[in-house]
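Student:
Residue numbers (our numbering): 122 to 498.
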């Protein structure tokens, strides 16, 4: 990443108005073990660099020493806030390698649960982002709704966070009895909850002062850096993997891509709120159209994909999550490479922060919605 020139302590403290400040790695606003090295002139950021890797576990190398079915749980532990989405990417990649035809019912259930996961991820983002900026009430409200989703996950998967939700070829179990009713009850109540968040924040002058015009990035710069997800769409670029390369049951769903106009922190907030509305819209369609039938395809007991290179991606809550696999024809992958949206989105931090105050760095890190488990892998 970008390296800043750091003067000696004596030069910095006594012979220059500039100061170097460490934010993290143990700091609540960095949302994990992220170290941000800030170069300041007074309280204004004139340069910064990120120091990452504190949570590195060698996940990609671990995958090269596991059988294909054994790898799925490791994907849950990348963006552990969106384990249901991460796990879907791995099983769909292997299904693509094997040219498996997954039953339609499994696709629809996957779509419902991954969209619930998107809402849960955005709710946690909203809760922590609002808390960073000083809005404590929204934290309690957003976690209240997220809890309802986690209860559905617990009933379906037996776990709330790292769910190991999917299997190659389908699902471990069909939807539980009462699944449709539980999901319908949640999406019926959710719009008025979203309206409460907007009433609390969207026209609040403190919220506007901390987000409008803060962390601006243009559409051209966002594309050049490789941003995806809400940071890209907040700059007005209409790219969403669910539309560009539909997977699961998204080809059968109608939904809009929310876009910002100014590319600032406030626009990214509005984009995520509207994404939750669109997720609710997708879930309603999937429940209405969901077919009966099996939820698993016939899968070989020993999985040996054909020799070749494969790439698949999905639209995770944080952006485009990609998986590149090289198969040598054996029961273990020769190489696994993750395209982590959080790491790529983090590359924009310097451009978004320079010229702003130290307090604004907290809001800008929050607007990127990063998870260090995915960045460090």
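Glycine included, C-beta positions come from ideal geometry on N, C-alpha and C.
With residue 227 and residue 292 assumed to form a contact (beta carbons below 8 Å), what rounded beta-carbon distance in angstroms separates them?
Tutor: The residue given as residue 227 occupies position 106 in the chain shown. The residue given as residue 292 occupies position 171 in the chain shown. About 5 Å separates the two Cβ atoms, so the contact holds.
Student: Can you list, in chain order, the stretches of the alpha helix (DSSP H) that have 4 or more residues and sit fully within the segment 268-326?
Tutor: 300-322
Student: Cα separation between residue 206 and residue 470?
Tutor: By 1-based counting over the chain shown, the position of residue 206 is 85. By 1-based counting over the chain shown, the position of residue 470 is 349. Rounded to the nearest angstrom, the two C-alpha atoms are 25 Å apart.
Student: Between residue 263 and residue 244, how many whole angstroms is the CB-CB distance? I'm expecting something under 8 Å.
Tutor: Position 142 of the chain shown, counting from 1, holds the residue named residue 263. Position 123 of the chain shown, counting from 1, holds the residue named residue 244. With 8 Å as the limit, residue 263 and residue 244 qualify as a contact, their Cβ atoms being about 4 Å apart.
Student: For residue 215, count neighbouring Cβ atoms within 10 angstroms of its own Cβ and tell me buried if that reaches 16, exposed if not.
Tutor: For the purposes of this step, residue 215 is taken as residue 94 along the chain shown, with counting starting at 1. Buried: at least 16 other Cβ atoms inside 10 Å.
Student: DSSP on residue 162, reduced to helix/strand/coil?
Tutor: Working through the chain shown from its first residue, we reach residue 162 at position 41. If DSSP states are grouped into helix, strand and coil, residue 162 belongs with the strands.
Student: Buried or exposed, going by whether 16 or more other CB atoms sit within 10 Å of the CB of residue 414?
Tutor: For the purposes of this step, residue 414 is identified with residue 293 of the chain shown, where counting begins at 1. By the neighbour-count rule (16 or more Cβ atoms within 10 Å), residue 414 is not buried but exposed.
Student: So, using beta-carbon positions, are residue 349 and residue 441 closer together than 8 Å?
Tutor: For the purposes of this step, residue 349 is identified with residue 228 of the chain shown, where counting begins at 1. For the purposes of this step, residue 441 is identified with residue 320 of the chain shown, where counting begins at 1. Yes, they are a contact pair.
Student: Taking C-alpha atoms, which residue in 173, 335 and 281 lies nearest to residue 155?
Tutor: Walking along the chain shown from the start, residue 155 turns up at place 34. Of the candidates 173, 335 and 281, the one whose C-alpha sits nearest the C-alpha of residue 155 is 173.
Student: Measuring only the C-alpha atoms, how far is residue 388 from residue 352?
Tutor: Here residue 388 corresponds to residue number 267 of the chain shown, with the count starting at 1. Here residue 352 corresponds to residue number 231 of the chain shown, with the count starting at 1. Taking the straight line joining both Cα atoms gives about 9 Å.
Student: CB residue 288 to CB residue 233, shorter than 8 Å?
Tutor: Residue mapping note: residue 288 aligns to position 167 of the chain shown, counting from 1. Residue mapping note: residue 233 aligns to position 112 of the chain shown, counting from 1. Judged by beta-carbon spacing, residue 233 lies beyond the 8 Å limit of residue 288, meaning their Cβ atoms are not closer than that value.
Student: Rounded to a whole number of angstroms, what is the C-alpha to C-alpha distance between residue 257 and residue 452?
Tutor: Locating residue 257 in the chain shown gives position 136, counting from the first residue. Locating residue 452 in the chain shown gives position 331, counting from the first residue. Answer to the nearest angstrom: the Cα atoms are 50 Å apart.
Student: Which of helix, strand or coil does DSSP assign to residue 435?
Tutor: Taking the first residue of the chain shown as position 1, residue 435 is located at position 314. DSSP places residue 435 in strand when its eight states are reduced to three.
Student: So, for residue 482: in the same chain, excluding its five sequence neighbours on each side, which residues have a beta-carbon less than 6 Å away from its beta-carbon?
Tutor: What you label residue 482 is simply residue 361 of the chain shown in a count that begins at 1. These residues qualify, in order along the chain: 474.
Student: Let's see if you can read the secondary structure: which residues bound the alpha helix (DSSP H) around residue 353?
Tutor: Within the chain shown, numbered from 1, the residue matching residue 353 stands at position 232. Per DSSP, residue 353 belongs to the alpha helix (DSSP H) from 351-354.
Student: Let me check understanding here. Comparing Cα to Cα, which of 224, 196 and 472 lies closest to residue 417?
Tutor: Your numbering for residue 417 matches position 296 in the chain shown. Selected option, being the one with the closest Cα: 224.
Student: Can you tell me which residues form a DSSP beta bridge with residue 148?
Tutor: As a position in the chain shown, residue 148 is number 27, starting the count at 1. In DSSP, residue 148 forms a bridge with 153.
Student: Starting from the Cα of residue 433, find the closest Cα among 480, 269, 260 and 210 and give me that residue.
Tutor: Here residue 433 corresponds to residue number 312 of the chain shown, with the count starting at 1. The residue with the shortest Cα to Cα distance from residue 433 is 210.
Student: Using only the alpha-carbon positions, how far apart do residue 250 and residue 191 sit?
Tutor: By one-based count along the chain shown, residue 250 stands at place 129. By one-based count along the chain shown, residue 191 stands at place 70. Approximately 35 Å between the Cα atoms of the pair.
Student: Would you call residue 439 buried or exposed, if buried means 16 or more other Cβ atoms sit within 10 Å of its Cβ?
Tutor: If you number the chain shown from 1, residue 439 lands on position 318. Per the 10 Å Cβ criterion, buried.
Student: Assign residue 488 to one of two classes, buried (16 or more other C-beta atoms within 10 Å of its C-beta) or exposed (fewer than that).
Tutor: The residue labelled residue 488 in the question sits at position 367 within the chain shown. Buried: at least 16 other Cβ atoms inside 10 Å.
Student: Tell me the rounded alpha-carbon separation between residue 274 and residue 298.
Tutor: Within the chain shown, the letter at position 153 stands for residue 274. Within the chain shown, the letter at position 177 stands for residue 298. If I take the Cα positions, the gap works out to 13 Å.
Student: Just the C-alpha distance for residue 424 and residue 267, rounded to the nearest angstrom, thanks.
Tutor: Here the question's residue 424 lines up with position 303 in the chain shown. Here the question's residue 267 lines up with position 146 in the chain shown. So the two alpha carbons sit approximately 36 Å from each other.
Student: Quick one: does the C-beta of residue 422 sit closer than 7 Å to a heavy atom of the ligand COA?
Tutor: Of ligands this structure carries none, so the ligand COA is not represented either.
Student: Is there contact here, the segment 318-326 with the segment 450-465, by at least three beta-carbon pairs under 8 Å?
Tutor: With a cut-off of 8 Å, the segment 450-465 and the segment 318-326 do not count as touching, because too few Cβ pairs lie within range.
Student: According to DSSP, what are the bridge partners of residue 140?
Tutor: Mapped onto the chain shown, residue 140 falls at position 19. Paired residue(s): 161.
Student: Check the C-beta distance from residue 346 over to residue 477 and give it rounded, since I have them as a contact under 8 Å.
Tutor: The sequence position of residue 346 within the chain shown is 225, counting from 1. The sequence position of residue 477 within the chain shown is 356, counting from 1. Between residue 477 and residue 346 the Cβ distance is about 18 Å, and since that is not below 8 Å, they are no contact.
Student: With respect to the beta strand (DSSP E) encompassing residue 442, which residues constitute its N-terminal and C-terminal limits?
Tutor: As a first step, residue 442 is located in the chain shown; it is residue number 321 there, counting from the start. Run containing residue 442: 440-448, per the beta strand (DSSP E) assignment.
Student: If you count every other CB in all the chains shown that lies within 10 Å of the CB of residue 135, and 16 or more means buried, which is it?
Tutor: For the purposes of this step, residue 135 is taken as the residue at position 14 of the chain shown. Legend: pLDDT at residue 135 = 47, less than 50; position of this residue unreliable, value from coordinates given subsequently. Counting Cβ neighbours within 10 Å, residue 135 comes out exposed, since fewer than 16 surround it.
Student: Taking its Cβ as the centre, do 16 or more other Cβ atoms sit within 10 Å of residue 177, making it buried, or is it exposed?
Tutor: The sequence position of residue 177 within the chain shown is 56, counting from 1. Classification for residue 177: exposed.
Student: Might you give, ordered along the chain, the residues of its own chain that have their beta carbon closer than 7 Å to the beta carbon of residue 359, omitting 5 neighbours on each side?
Tutor: Position 238 of the chain shown holds residue 359. Excluding sequence neighbours, residue 359 sits near 378 and 380.
Student: Which value, in whole angstroms, describes the spacing of the CA atoms of residue 188 and residue 449?
Tutor: The residue given as residue 188 occupies position 67 in the chain shown. The residue given as residue 449 occupies position 328 in the chain shown. The alpha-carbon atoms of residue 188 and residue 449 are separated by roughly 13 Å.
Student: For the alpha helix (DSSP H) holding residue 393, just list the boundary residues, first then last.
Tutor: Reading the chain shown from its first residue, position 272 is the one you call residue 393. Note, residue 393: alpha helix (DSSP H), 386-410.
Student: Could you give the DSSP three-state label for residue 129: helix, strand or coil?
Tutor: Translated into the one-based positions of the chain shown, residue 129 becomes position 8. Residue confidence for residue 129 is low, a pLDDT of 47 falling below 50, so the modelled location carries little weight; the figure read from the coordinates is stated next. If DSSP states are grouped into helix, strand and coil, residue 129 belongs with coil.
Student: Rounded to the nearest angstrom, what separates residue 170 and residue 142 at their Cα positions?
Tutor: For the purposes of this step, residue 170 is taken as residue 49 along the chain shown, with counting starting at 1. For the purposes of this step, residue 142 is taken as residue 21 along the chain shown, with counting starting at 1. For residue 170 and residue 142, the distance between alpha carbons rounds to 11 Å.
Student: Using beta-carbon positions only, say whether residue 282 and residue 201 come within less than 8 Å of one another.
Tutor: What you label residue 282 is simply residue 161 of the chain shown in a count that begins at 1. What you label residue 201 is simply residue 80 of the chain shown in a count that begins at 1. The answer is yes: Cβ separation under 8 Å.
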